[in-house]
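If you're matching positions, the sequence shown starts at 1 in this note's numbering and goes up one per residue.
Glycine included, each C-beta is placed from N, C-alpha and C at the ideal position.
As the structure is a prediction and not an experimental result, all values here were calculated from the model.
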Amino acid sequence: MYVQVDQSGKIGDTKVPTVLAFSNAVGYAILIPATVKRACIQELRRRGKSGTTLYLQLFATGLYLLLKDYIQDLALVTIDVEYPGHDAEIKLYFLNLLRRAGIVVPAARIRFQHIGKKSGAHKRAKAVFTGATESDKVVGLGEILAEF
């Protein structure tokens, strides 16, 4: 099975929630509330993390929380390019999180590409972001920080 992944509400914008969603034959969306993002960034900065790397790792952690229960059944995951020039770094963080959880996925099964606004993943992420649809899961602070 092949899925596309999109984000609505940048992970670094702490005024709005972030929604990560995937879609194709199946769909799933997680919501990271703005308050959780603010608290997470504050705690990670307290731990010495900073700069672009902090946001790339947060994005990779969001991808992990979105896909970890489904990734074994997916032949290909196409992630919308959210941070141009940083795809390899995000992929590395994401694959390391999976490996740490005992989930081994070949790197070739994960790719980055612009997926466009007509994608089911984009529509699902946007619908959750605007409140038209509920997320499948709301992510808490502890879930994110547990991965750091």
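By DSSP, does D69 sit in helix, in strand, or in coil? It is coil, neither helix nor strand.
Local Cβ density within 10 Å of R124, reported as buried at 16 or more and exposed below that: Buried is the call here.
Which ranges would you report for the alpha helix (DSSP H) in the region 58-132 if only whole runs of at least 4 residues count? Assignment of alpha helix (DSSP H) within the region 58-132, counting only whole runs of 4 or more residues, yields 87-100 and 120-130 in chain order.
Of the residues A127, R111 and K37, the one placed nearest L92, counting alpha carbons only: Among A127, R111 and K37, the Cα nearest to that of L92 belongs to R111.
If you follow the beta strand (DSSP E) that V19 is part of, which residue opens it and which one closes it? V19 -> beta strand (DSSP E) spans T18 to N24.
If you reduce the DSSP assignment to three classes, tell me which class V156 lands in. Residue 156 lies beyond the stretch modelled for the chain, which goes from 1 to 148, so this question has no answer here.
Identify every residue that forms a DSSP beta bridge with G27. G27 is bridged by DSSP to S23.
Taking F22 as the reference, which of K68, N96 and V36 has the closest Cα? For the set K68, N96 and V36, the Cα lying nearest the Cα of F22 is the one of K68.
Among Q57, L76, L44 and V139, which residue has its Cα nearest to the Cα of D87? Selection Q57, L76, L44 and V139 evaluated against D87 yields Q57 as nearest (Cα-Cα).
Below 8 Å, can you find three or more Cβ-Cβ pairs linking the region 8-23 to the region 95-105? Output reads no: the region 95-105 does not touch the region 8-23.
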